[in-house]
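Colleague:
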Amino acid sequence: MKKLQIILLVAIITGLSSCGEDLLNINPSSALPPDAAIQTVSDMETVMVGVYTQLQDADLYGRYFILTPDVMSDDVKQNASANRAKEWAEYGGFREHFIPSGIWTEGYEAILRANTIINSDIEVPATVQDFANQLTGEAYGIRALMHFDMVRIFAQHYGFTSDNSHPGIPIVTEFDQAAEPTRASVQAVYAQVISDFQQAISLMNENRGAGYMSIEAAKALLARVYLYQSNWAQAEAMATEVINSPNTSLTSGDSYVSTWMSNGFSPDAIFDVVNLVSDNVGSDALGRMYINEGYGDYLPSKDLTDIIYARGDTSDIRAQLFKEDPTLAGVYAPIRVNKFPQIDGSDNTPVVRLAEMYLIRAEARAMTGNESGAIEDLMTIRMRAWPDAPAVTASGQDLLDEIEEEKRIELMYEGHRLWELMRKKRDVVRGDCTAPADVCTITYPNDRFILPIPDAEMNANPNIAQNPDY
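Counted the way this note's numbering counts, the sequence shown spans residues 35 to 504.
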């Protein structure tokens, strides 16, 4: 971590990638000189460009942070040609592998870039104080998101132990080149995440659009955090605030599929990581892992598609997010995921969408006895995609199963399914399995549901402990 922090601080100060220039309308040549820290609000804005650009990295929301937990779940099966991430799909990964190394390095780089803004100490003219607060709030939101993402993928879930004292990840809130941090408990990491999101909400004062962290995005992500904690009251409250915001709205059913097919924002986007054609993401894109014009390594599991197709081939419009591929044969046939179809990699990556808020609130309401409210939220999302859906009359666990099914379909291939199974302490059961037979069912609990601390970090930091079975 010490060596990593030095390298990353130099990268932040000496220059930032211009990938987000069109989105943020900022001059890409305005990188900070190597002998300067943040001195003006303009400098803060420049560094914030780098924060958003960092999220585009292939090891984060560009590809692997989303792809890896999905290929470890029951929503994906391997194609015969599967290569990238294969070791994780087959639960045979190792600590020298490039995926955990990349996620760890790039995730902490995003945190350190955000910290550069949070810890800046400058005098701000009153005329730009609100914008300075906005940028600082966005940085707090990204720092919270990255700590949350890192603890999800490198540590067992909240609730794995009764007091959540099991190892989480290092909490990094400031630059210290001599730091050799230990892993904070999962309880402590979640407390930091919640605190940072709350601070973000208190500082931000405008919604700059779905390509930026916003009050709505911070509240939506906080609703997700509370859901993972089984804090039903707070999950419902945060989701409700987002649903009721004038800055959020559900995409109509008529526009739902065409929105995914465009290279704009995802349907009902609250926060997307934006990938422009000019970013030249190309072969690093998430979608190229699924489409036949790319690598095509991974295919939709029949377990999932059967749920959708059982509603009738044309009834649920989300069936149109798959496409037939005549080149597939045998157990691999006949369809591919087509949710991120752009050949040039210009699909945005959704971080959080309004549909998730309805489904979070539905689960929270069902768990606290408001089943009529839960059904109303469930049907809002279901009937948008499936207008002739029959009325839901389920109760108790059957209702929770209905909500889980809808969430599985609505958020498919957005990096959620493994975390959903983990927080519910469920096995991964791949009925339509093209992986080796011994990993067609992965029983809970399992050391392999999380990634190892990378070998380079283990070698550099004597205070950090490795995950079991690595």
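Each residue gets a CB set at the ideal place from its N, CA and C atoms; glycine is no exception.
On a predicted model such as this, the values are computed, not experimentally measured, just so you know.
(1) Within the same chain, show all residues whose beta-carbon is closer than 6 Å to that of Pro486, passing over the 5 residues directly before and after it, in chain order.
(2) Just to confirm the assignment, what range does the beta strand (DSSP E) spanning Leu333 have?
(3) Drop a sphere of 10 angstroms on the beta-carbon of Gln431, count the other beta-carbons inside from all chains shown, and report buried for 16 or more, exposed for fewer.
(4) Please return the same chain residues whose Cβ sits closer than 8 Å to the Cβ of Asn167, not counting the five positions on each side in sequence.
(5) Hey, Arg451 and Ser154: beta-carbon distance below 8 Å or not?
(6) Kindly identify the DSSP beta-bridge partner or partners of Phe305.
(7) Sort Ser264, Asp164, Val426, Asp481 by Cα distance to Met401 and report the nearest one.
(8) For a quick check, are the C-beta atoms of Val223 and Val162 less than 8 Å apart?
(9) Looking at the unbroken beta strand (DSSP E) that takes in Gln112, where does it start and where does it end?
(10) Does Ile476 come out as helix, strand or coil in the three-state DSSP assignment?
(11) Of the residues Gln88, Ile72, Asp93, Glu79, which one's Cα is nearest the Cα of Asp318?
(12) So, with DSSP's three-state summary, where would you put Arg508?
(13) Return the chain-ordered ranges of every alpha helix (DSSP H) run that is complete within the stretch 377 to 430 and spans a minimum of 4 residues.
(14) Measuring alpha carbon to alpha carbon, tell me which residue in Tyr329, Tyr246, Ser289, Glu439 is nearest Arg118.
(15) Can you tell me which of the three DSSP states Lys441 falls into?
(16) So which of Lys111, Ile152, Leu284, Asp313 has the shortest CA-CA distance to Ala367?
(17) Three-state secondary structure (DSSP) at Phe209?
(18) Would you mind listing the beta strand (DSSP E) stretches within the stretch 268 to 296 that are 3+ residues and don't spill past its ends, in chain order?
(19) Is Met413 near Val426, with beta carbons less than 8 Å apart?
(20) Would the beta-carbon of Tyr260 fall within 8 Å of that of Ala269?
(21) Could you compute how far the alpha carbon of Pro424 sits from the alpha carbon of Ile341?
(22) From what residue to what residue does the beta strand (DSSP E) around Leu357 run?
(23) Could you work out which residue in Leu338, Gly449, Asp481, Met247 is closest to Cys467 when comparing CA atoms only?
(24) State buried or exposed for Ile377, treating a residue as buried only when at least 16 other CB atoms are found within 10 Å of its CB.
(25) Which term fits Ser292, buried or exposed, when burial requires 16 or more other beta carbons within 10 angstroms of its beta carbon?
(26) Just to confirm the assignment, what range does the alpha helix (DSSP H) spanning Arg457 have?
(27) What are the complete beta strand (DSSP E) segments, minimum 3 residues, inside the stretch 166 to 224?
(28) Looking only at its own chain, which residues have a Cβ that is under 8 Å from the Cβ of Lys459, when we skip the five neighbours before and after it?
(29) So what does DSSP say about Arg242, is it helix, strand or coil?
(30) Smallest Cα separation from Ser335: which of Ala244, Val462, His191, Arg322?
(31) Decide if Asp69 is buried, meaning its Cβ has at least 16 other Cβ atoms within 10 Å, or exposed.
(32) State buried or exposed for Ser283, treating a residue as buried only when at least 16 other CB atoms are found within 10 Å of its CB.
(33) Terminal residues of the continuous alpha helix (DSSP H) containing Ile100?
(34) So, with DSSP's three-state summary, where would you put Val315?
(35) Going by C-alpha to C-alpha distance, which of Leu434, Asp422, Pro421, Arg418 sits closest to Ile409?
(36) Going straight from the alpha carbon of Arg242 to that of Pro488, what length do you get?
Modeller: A quick look at the data gives this:
(1) Arg129, Pro134, Asn501, Tyr504, listed in sequence order.
(2) 332 to 334
(3) exposed
(4) Leu237, Met238, Asn239
(5) no
(6) Val386
(7) Ser264
(8) no
(9) 110 to 112
(10) strand
(11) It is Asp93 whose Cα lies nearest to the Cα of Asp318.
(12) Residue coverage of the chain in this structure runs from 35 to 504, which leaves residue 508 outside it and unanswerable.
(13) Within the stretch 377 to 430, the complete alpha helix (DSSP H) runs of at least 4 residues are 388 to 401, 405 to 419.
(14) Tyr329
(15) helix
(16) Lys111
(17) Correct three-state label for Phe209: coil.
(18) none
(19) Val426 sits close to Met413, with the two beta carbons spaced by under 8 Å.
(20) Yes.
(21) 15 Å
(22) Residue 357 is actually Lys in this sequence, not Leu. It spans 356 to 358 - the beta strand (DSSP E) in which Lys357 sits, taken as one unbroken run.
(23) Leu338
(24) With a threshold of 16 other beta carbon atoms within 10 Å, Ile377 falls short and is exposed.
(25) With fewer than 16 Cβ atoms within 10 Å of its Cβ, Ser292 is classed as exposed.
(26) Here the alpha helix (DSSP H) through Arg457 covers 451 to 457.
(27) The DSSP assignment places no complete run of the beta strand (DSSP E) inside the stretch 166 to 224 (cut-off: 3 residues).
(28) Gly193, Tyr478, Pro479
(29) coil
(30) Val462
(31) Bear in mind that the predicted position of Asp69 carries a pLDDT of just 43, short of 50, making it too unreliable to give a figure here.
(32) By the neighbour-count definition (other C-beta atoms within 10 Å, threshold 16), Ser283 is an exposed residue.
(33) Residues 98 to 105.
(34) coil
(35) Leu434
(36) Taken atom to atom, the span from the alpha-carbon of Arg242 to that of Pro488 is near 36 Å.
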